[in-house]
Amino acid sequence: MAEVCSPISNGRHFMGLTDGFPIPQTKVGAIQQMLGVPLISNHPNTVPVYARTQYCEINNAFEIDTGLNENGSPKNFEKISDMIIQPQAIGLIPASEWSPRPMTLKQIRDTYFTRRNGTARQFDLKLYNALCITKAEPTAAPFIGVEWIDSNHFKVDEKVFSLFLGTKCDNNALFDKQGSFSKYGFEQVYKGANPVLSRNPTCENVDDNTVRIFTDPLHRFDRDNSFNRVEL
């Protein structure tokens with residue numbers, strides 16, 4: 000049985016001689032060698048594992064199930080788990096939670112972000128700390144799922160951020176009316192309603208559904224100012 004495959008390069012599908020033509024599964028390996036790039040099927044259930052894994056690693060979107068480990072964490076998280084972070088130097092709070100010594104991103108995730116919410120780990124604090132990390136280390140943004148767009152607006156990939164927090168990411172749980180963003184008073188800003196944000200390259204993948212823009216009307220924090228606790 001044949002299936003349709005498309006070549007990918009640098010994380011993007013591109014048109015090629017094979018695009019739109021059925022390729023027998025038995026020939027995928029040979030054609031991949033000839034083209035020098037992996038092939039990804041237009042039928043997700045039949046994509047070869049090597050193509051699916053690389054596609055996830057390049058795009059960091061985790062939209063294909065095989066991008067997850069058994070415990071639900073992204074497989075490609077291991078690729079950046081050794082990134083060194085200076086928690087206190089980049090302003091992670093509260094200071095009592097953080098070692099003055101350098102920590103790997105995996106250590107930070109495992110010892111703080113995936114732990115149950117508490118006084119020092121309530122959702123708005125976790126969000127602020129995640130934004131501090133991606134502000135200091137922009138390359139970590141696709142793996143953490145949050146990043147600043149400008150001084151007052153930040154972007155959230157619900158699936159990726161849920162995985163980073165170690166929580167379920169079904170049905171936009173963080174974004175629904177009973178979800179953490181609503182509960183903690185964060186306000187969604189629609190991309191199409193703001194011409195400046197629409198033109199910002201950081202907002203290219205914002206779909207106002209699984210990837211959204213938010214602001215904090217309670218003014219607890221912004222990109223250039225540290226966290227100011229507000230009683231909800």
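According to numbering that gives the first Met the number 0, the residues represented by the sequence shown are 0 to 231, in order.
All residues carry an ideal CB built from backbone N, CA and C; glycine is no exception.
Residue i - DSSP class collapsed to helix/strand/coil
i           : result
residue 182 : helix
residue 224 : strand
residue 214 : strand
residue 83  : strand
residue 166 : coil
Alpha-carbon to alpha-carbon, residue j and residue i
i           : j           : result
residue 193 : residue 176 : 23 angstroms
residue 134 : residue 103 : 16 angstroms
residue 138 : residue 229 : 30 angstroms
residue 6   : residue 204 : Because residue 6 carries a pLDDT of 48, less than 50, the predicted location of this residue cannot be relied on, and the following value inherits that uncertainty. Going from the Cα of residue 6 to the Cα of residue 204 covers about 21 angstroms.
residue 83  : residue 89  : 12 angstroms
residue 187 : residue 79  : 29 angstroms
residue 111 : residue 172 : 20 angstroms
residue 156 : residue 174 : 10 angstroms
residue 87  : residue 150 : 21 angstroms
residue 185 : residue 223 : 18 angstroms
residue 219 : residue 122 : 13 angstroms
residue 152 : residue 179 : 17 angstroms
residue 132 : residue 208 : 24 angstroms
residue 93  : residue 106 : 17 angstroms
residue 81  : residue 167 : 24 angstroms
residue 9   : residue 141 : Per-residue confidence for residue 9 stands at a pLDDT of 46, beneath the threshold of 50, marking its modelled position as unreliable; the derived number appears in the next sentence. Distance between the alpha carbons of residue 9 and residue 141 is about 15 angstroms.
residue 221 : residue 215 : 8 angstroms
residue 99  : residue 126 : 21 angstroms
residue 202 : residue 210 : 9 angstroms
CB of residue i within 8 angstroms of CB of residue j, strictly
i           : j           : result
residue 154 : residue 146 : yes
residue 199 : residue 148 : yes
residue 118 : residue 165 : no
residue 128 : residue 91  : yes
residue 190 : residue 197 : yes
Terminal residues of the alpha helix (DSSP H) in which residue i lies
i           : result
residue 198 : 194-198
Chain E contact for residue i (CB, 8 angstroms cutoff)
i           : result
residue 160 : In summary, chain E is missing from the structure at hand, where a single protein chain is found.
Heavy atom of the ligand SAH within 7 angstroms of residue i beta-carbon
i          : result
residue 94 : As for the ligand SAH, it is missing from this structure, which has no ligand bound.
May I have a chain-ordered list of the beta strand (DSSP E) segments no shorter than 3 residues that lie completely inside the region 97-160? 145-147, 153-156
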